[in-house]
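Numbering (my numbering), first residue to last: 607 to 776. Yeah, the Cβ is synthetic: ideal placement off N, Cα and C, and Gly gets one too. Bear in mind that the values here come from a model prediction, so they are computed numbers and not experimental data. All remarks here apply to the structure that follows.
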């Protein structure tokens, strides 16, 4: 169930949501909420920030529902989180190497399939900040959607926060 929009937003987080599967030596892989913009939104909510909204795209699958429900459980608006029937939710498998460094294997999905027409209704009139990540830059349509949101945020006087979070395998 989607939450109602609040009249005053503080922060809009835009970008990827992924399921992170963390490897353990004994149990295999365990699915966890992930994606830099999503982690930022949840972290802000845990710190007491109110009036948060997430804008992005997940698959129309149980992983997408899990990510949406997790955001909502922290009081984050998900009305602008799209559930794509054509693309699955992006998956990331994370294992630790012998030196402790993380090793990622990605299975890209809906996170970078957002189109400019799908973000036209997003407003920053009441939002102070647009926070976004880099993984929406791996597809031309989502690059255009990001450029549109950045221009609109600037026009409506919102601050812009960028997390480069470079993942070369994507």
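Problem - Local Cβ density within 10 Å of residue 770, reported as buried at 16 or more and exposed below that - result: So residue 770 ends up on the exposed side.
Practice task
Identify whether residue 768 lies in helix, strand or coil by the three-state DSSP scheme.
Solution key: Correct three-state label for residue 768: strand.
Practice task
Give a yes or no on contact between the stretch 712-723 and the stretch 746-753, applying the rule of three or more CB pairs nearer than 8 angstroms.
Solution key: They touch, by the three-pair rule.
Exercise for the section: Can you grab the Cα-Cα spacing for the pair residue 729 / residue 758, in whole Å? Expected result: Straight-line Cα distance between these residues: approximately 8 angstroms.
Exercise for the section: Rounded to whole angstroms, what's the CA-CA distance from residue 611 to residue 685? Just pull it up for me. Expected result: Legend: pLDDT at residue 611 = 49, less than 50; position of this residue unreliable, no value from coordinates given.
Exercise for the section: Taking residue 636 as part of the beta strand (DSSP E), name the residues at either end of that continuous run. Expected result: Per DSSP, the continuous beta strand (DSSP E) segment holding residue 636 begins and ends at 634-640.
Handout entry: Simplified DSSP state of residue 609, which is helix, strand or coil
Key = Bear in mind that the predicted position of residue 609 carries a pLDDT of just 47, short of 50, making it too unreliable to give a figure here.
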